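All remarks here apply to the structure that follows.
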Ligand code: AMP
């Protein structure tokens, strides 16, 4: 088992990277690891796995099957995850079996509950949307009185891509939103009147930290639609976003790629929307627009390799291909300005991310 600390040697090519989670992020991590000469072993419970299809090995088992987790851990040299909702008990089973887990348990624990995430950010004096926990109808009423309307009611856990959340404009919306929660612990957030949304992708190893240029993100129905780089922000906003991302990574003693999503207000004031302890959809443009992609950066960081450069050589626009949009793959292939990535998913569910396409332009800044 590799011991990654400041004195340990880099993991040699030919070693096996274990990845918890089998989605497209695991697939692209696996592809980047393979390019660097590593083998990958995917662990996920799903019958179909975009990542499992491109890995050397795939264990299909439940995250709470600790015997299977221990066996997987002993078969690999380092363990990482591509999904922030991996149960912390599964992370513990990795370390109890003697495995090295990067990023560590704390990042997972903080990021998988919106309330702990916001409280954690507050403890670092980092601004977020105003928030209040909501565990009852009365608490929702109180939260509205304090934070005002409009507001957003969100499930504390398992919310992503706008799932498990409703915007509340008035009292009627409030009771409908609360009923839809069906008793699930929730958090109410004040609606941030943001000018734009950006994200920072950071890579941190035991030795160094580097930042990619912030991307400007457009969402549709809570799902990321498009990321554009460079973002239309001033240098001071860019620096401040990078400073905040570094502050979080340092505090978590983070190893790997971390994504921090921000709301940028008219004044330039930044509020963190959420953090993702993993490679991120808004960093897919780095595959084509940088010498080292976010996926390679993550693999280098967890393997104890030098990080290389996060420098961007081109402007980029990445667009997600959602549901039926992926059926137009041939149009993208015919366009010589476009780079197409498909995730190998066979079922086209509405709202499902099937792939993405990136357009490059000569660097303008
Ligand atoms: P989330 O899943 O929490 O990242 O939310 C998805 C998207 O919904 C965000 O990227 C924003 O576009 C929007 N959103 C979420 N929370 C807020 C908020 N408190 N104020 C304004 N917009 C929000």
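Residue numbers (the working numbering): 398 to 762. C-beta atoms are modelled at their ideal positions from N, C-alpha and C, and glycine is treated no differently. Since this is a predicted model, take the numbers as computed values, not measurements.
- Here the region 404-417 makes no contact with the region 663-683; the two share fewer than three CB pairs at distances below 8 Å.
- The beta carbon of residue 515 sits no closer than 8 Å to any heavy atom of ligand 1.
- In chain order, 625 and 756 place their CB closer than 6 Å to the CB of residue 714, counting only its own chain and leaving out the 5 sequence neighbours on each side.
- Between the region 647-663 and the region 724-732 there are fewer than three inter-stretch CB-CB distances shorter than 8 Å, so the stretches are not counted as touching.
- Between the region 660-669 and the region 584-601, the count of Cβ pairs shorter than 8 Å is three or higher; the stretches touch.
- Here DSSP, grouped into helix, strand and coil, assigns residue 483 to coil.
- The C-beta distance from residue 586 to residue 549 rounds to 5 Å, short enough to meet the 8 Å contact threshold.
- Ranked by Cα distance from residue 532, the first of 514, 492 and 583 is 583.
- For residue 517, the three-state secondary structure derived from DSSP is helix.
- Exposed is the label assigned to residue 444, since fewer than 16 other Cβ atoms lie within 10 Å of its Cβ.
- With contact defined as three or more Cβ pairs closer than 8 Å, the region 473-484 and the region 416-431 are in contact.
- Take the alpha-carbon of residue 568 and the one of residue 704: they are about 51 Å apart.
- Taking all protein chains in view, the Cβ of residue 459 is surrounded by fewer than 16 other Cβ atoms within 10 Å, so the residue is classified as exposed.
- Residue 670: not part of any alpha helix (DSSP H); member of the beta strand (DSSP E) spanning 667-673, first to last residue.
- Taken atom to atom, the span from the alpha-carbon of residue 648 to that of residue 732 is near 44 Å.
- Residue 678 places its beta carbon 9 Å or farther from that of residue 566.
- When C-alpha distances from residue 594 are compared across 621, 454, 600 and 636, the shortest belongs to 621.
- DSSP places residue 726 in the uninterrupted alpha helix (DSSP H) bounded by 726-731.
- For residue 648, there is no enclosing beta strand (DSSP E); the residue is part of the alpha helix (DSSP H) that begins and ends at 632-649.
- Contact annotation: residue 656 and residue 676 have beta-carbon atoms nearer than 9 Å.
- Distance from the C-beta of residue 549 to the nearest heavy atom of ligand 1 is below 8 Å.
- Proximity to residue 562 across 501, 534 and 618 peaks at 618, based on C-alpha coordinates.
- Using a 10 angstroms sphere on the CB of residue 427, the tally of other CB atoms reaches 16 or more, which defines it as buried.
- Secondary structure note for residue 695: its alpha helix (DSSP H) is the uninterrupted segment 691-699.
- Secondary-structure assignment with DSSP links residue 612 through a beta bridge to 596.
- For residue 706, no beta strand (DSSP E) encloses it, and the DSSP letter there is neither H nor E.
- Secondary structure note for residue 653: its beta strand (DSSP E) is the uninterrupted segment 653-661.
- DSSP places residue 414 within a strand segment (E or B) once states are collapsed to three.
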